[in-house]
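Going line by line, the protein sequences match chains A and B.
Here the working numbering = 1-based position in the first sequence + 332.
Here the working numbering = 1-based position in the second sequence + 39.
Glycine is no exception: its CB is placed at the ideal position from the N, C-alpha and C atoms.
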Amino acid sequence: MEEDLISKKELLQRYGISYGALYRWKRMGLIPEDWFLRKSTPTGQETYFHRGQICPRVELILSRRDVSLEGLAEELNGGQAQKPRSMLIISDRFSSKRFYLDELTAVTLVSGENKTEFLQLWKGEIQ
Amino acid sequence: MSNRENLHVSGIVKNTGGVYAEVHVSAVLKVDGDLECESLHSSGSTKIRGSFAGDSVRCSGALSIAGNARMDHAHCSGSLRCDGDVSSAERLKVSGSVQIGGSLRARETQISGACHVGGQLHATELTCSGALTADGDVEAETFRTSGAVTVNGLLNAEQVEMKLCSPCRIGEIGGSSITVLSKEPSGIFFRRDVPRLTVKIIEGDTVELEATRAEIVRGKNVRIGKECEIDRVEYSGNLEVEGGSVREKIKV
């Protein structure tokens, strides 16, 4: 299947945006790193994008001039930002230690012969 | 958290880490775990086998961290080595030598010594008069250098200001305003070979170059100054060529 690609140059011309703006959007995470496709052409290296991916994104950024770029970046990356990582905090009288739940492999309470595994239980509850 | 203790090391101490208020090392400290503290002052040798978190760090001796490190205010005049990622929420000053195996995320970064970053480098404001090497990409709002800079990936900054006092090599530069100036001849020692910047592609809105060797320069307003050697310039506004050589000029 032929990929529908748009070159960076064409994209900038089509929407009348500058290199500075494009790089700024990339820095702020408005355009994900892996959308930039590098390809060698007879005239040197060119960067391409998938037309169906980049055009709606640029149109969105241009149409949302009312919000700050930071606000928009947060909105677009909201999937990760809105879901805070759950944490396990274990405290004694000296200090407390924090563990991210998604980094833990097991939490086991042992008393005598009995062993209770908590982690799977908690994970089900939180999701 | 008020009952954190201080740790002062003036002999040879090995411990398993923990949470402290102040850590002072004037001799040797080896930590077999994670260390967290409010301030760390290492004028001796500190070796941490795990991760490190500290609000303020002063390192005039040797500090090595095997895991990740968070140091919000850090000044390193000695040697710092971190195999993981380093984050600095406020200020990172390097006048000694810093080696980071992972990525560096910092706000204000000043390098007058040597700094090597194995991964990506994100900074709000980066000034370098020493040597900076980044194996990955570099992102900054302002990138101001007068030292030796090597970036293997893309340098993406709103404002790039480079003064070429030593040879620099960068994969690609992208940003809004890009200025590269060559050093004025010092007068006493007449050197014909000026330090140059070698770069593959430069893309910016306002691009002003001197002593730069580039394959492609793309921009709106482009000025090619002395000692430049550019294969191809693509511009949409103005192009000025003064003392440099451009093989191909394309108005888009």
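Whole-angstrom distance between residue j and residue i, CA atom to CA atom
{"i": "T189(B)", "j": "V390(A)", "result": "32 Å"}
{"i": "A128(B)", "j": "V291(B)", "result": "42 Å"}
{"i": "E99(B)", "j": "A108(B)", "result": "In the sequence as displayed, the identity of residue 99(B) is Ser instead of Glu. The straight-line gap from Cα to Cα measures roughly 17 Å."}
{"i": "E435(A)", "j": "D244(B)", "result": "44 Å"}
{"i": "T373(A)", "j": "Y380(A)", "result": "11 Å"}
{"i": "R144(B)", "j": "P388(A)", "result": "30 Å"}
{"i": "Q198(B)", "j": "V442(A)", "result": "58 Å"}
{"i": "S221(B)", "j": "E407(A)", "result": "42 Å"}
{"i": "M333(A)", "j": "I386(A)", "result": "Because M333(A) sits at a pLDDT of 47, beneath the cut-off of 50, its placement in the model cannot be relied upon, and the following sentence gives the value as read from the coordinates. Computed Cα separation, rounded: 19 Å."}
{"i": "F426(A)", "j": "H161(B)", "result": "36 Å"}
{"i": "N277(B)", "j": "D122(B)", "result": "46 Å"}
{"i": "D366(A)", "j": "V137(B)", "result": "29 Å"}
{"i": "T375(A)", "j": "N195(B)", "result": "22 Å"}
{"i": "R359(A)", "j": "K53(B)", "result": "42 Å"}
{"i": "G456(A)", "j": "N446(A)", "result": "22 Å"}
{"i": "N409(A)", "j": "G361(A)", "result": "8 Å"}
{"i": "M110(B)", "j": "R43(B)", "result": "18 Å"}
{"i": "I338(A)", "j": "E254(B)", "result": "22 Å"}
{"i": "V58(B)", "j": "L401(A)", "result": "38 Å"}
{"i": "T251(B)", "j": "I212(B)", "result": "12 Å"}
{"i": "S78(B)", "j": "V125(B)", "result": "16 Å"}
{"i": "A405(A)", "j": "Y355(A)", "result": "14 Å"}
{"i": "D94(B)", "j": "G50(B)", "result": "24 Å"}
{"i": "L46(B)", "j": "S118(B)", "result": "21 Å"}
{"i": "L420(A)", "j": "G72(B)", "result": "19 Å"}
{"i": "L369(A)", "j": "E342(A)", "result": "14 Å"}
{"i": "A101(B)", "j": "S84(B)", "result": "5 Å"}
{"i": "G403(A)", "j": "S418(A)", "result": "24 Å"}
{"i": "R120(B)", "j": "R397(A)", "result": "43 Å"}
{"i": "C207(B)", "j": "I422(A)", "result": "50 Å"}
{"i": "R146(B)", "j": "L203(B)", "result": "24 Å"}
{"i": "D232(B)", "j": "E223(B)", "result": "12 Å"}
{"i": "T148(B)", "j": "S275(B)", "result": "34 Å"}
{"i": "H63(B)", "j": "V70(B)", "result": "13 Å"}
{"i": "E350(A)", "j": "H80(B)", "result": "Note that residue 350(A) corresponds to Ser in the displayed sequence, not to Glu. Their backbone Cα atoms lie some 46 Å apart in a straight line."}
{"i": "K340(A)", "j": "E249(B)", "result": "26 Å"}
Per-residue burial, residue i [other beta carbons within 10 Å of its own, 16 or more giving buried]
{"i": "M201(B)", "result": "buried"}
{"i": "H382(A)", "result": "exposed"}
{"i": "Q345(A)", "result": "exposed"}
{"i": "T55(B)", "result": "exposed"}
{"i": "E266(B)", "result": "buried"}
{"i": "K371(A)", "result": "exposed"}
{"i": "K259(B)", "result": "buried"}
{"i": "T448(A)", "result": "exposed"}
{"i": "G169(B)", "result": "buried"}
{"i": "E247(B)", "result": "buried"}
{"i": "V399(A)", "result": "exposed"}
{"i": "T440(A)", "result": "exposed"}
{"i": "E279(B)", "result": "exposed"}
{"i": "I363(A)", "result": "buried"}
{"i": "G286(A)", "result": "With chain A covering 333 to 459 only, the question about residue 286(A) has no answer from this structure."}
Cβ-Cβ distance between residue i and residue j below 8 Å
{"i": "C167(B)", "j": "T181(B)", "result": "no"}
{"i": "K292(B)", "j": "Q377(A)", "result": "Residue numbering for chain B in the displayed model covers 40 to 291; residue 292(B) lies beyond these limits and cannot be assessed."}
{"i": "G192(B)", "j": "G210(B)", "result": "yes"}
{"i": "S205(B)", "j": "P234(B)", "result": "yes"}
{"i": "V156(B)", "j": "D176(B)", "result": "no"}
{"i": "E75(B)", "j": "A60(B)", "result": "no"}
{"i": "E273(B)", "j": "S284(B)", "result": "no"}
{"i": "H112(B)", "j": "R130(B)", "result": "yes"}
{"i": "S90(B)", "j": "G106(B)", "result": "yes"}
{"i": "L236(B)", "j": "V256(B)", "result": "no"}
{"i": "E281(B)", "j": "G264(B)", "result": "yes"}
{"i": "H114(B)", "j": "K132(B)", "result": "yes"}
{"i": "S142(B)", "j": "Q159(B)", "result": "yes"}
{"i": "L453(A)", "j": "A438(A)", "result": "no"}
{"i": "G352(A)", "j": "G214(B)", "result": "yes"}
Beta-carbon separation (whole angstroms), residue i vs residue j, contact threshold 8 Å
{"i": "S82(B)", "j": "S65(B)", "result": "5 Å"}
{"i": "V48(B)", "j": "L68(B)", "result": "5 Å"}
{"i": "A179(B)", "j": "E164(B)", "result": "7 Å"}
{"i": "G384(A)", "j": "D336(A)", "result": "6 Å"}
{"i": "R286(B)", "j": "R271(B)", "result": "6 Å"}
{"i": "L171(B)", "j": "I150(B)", "result": "6 Å"}
Beta carbon proximity, residue i to chain C, threshold 8 Å
{"i": "S339(A)", "result": "Among the protein chains of the structure shown, namely A and B, there is no chain C."}
Pair every Cβ in the segment 417 to 433 of chain A with every Cβ in the segment 389 to 409 of chain A, then say whether three or more of these pairs are closer than 8 Å. Flag = no, the segment 417 to 433 of chain A and the segment 389 to 409 of chain A do not touch.
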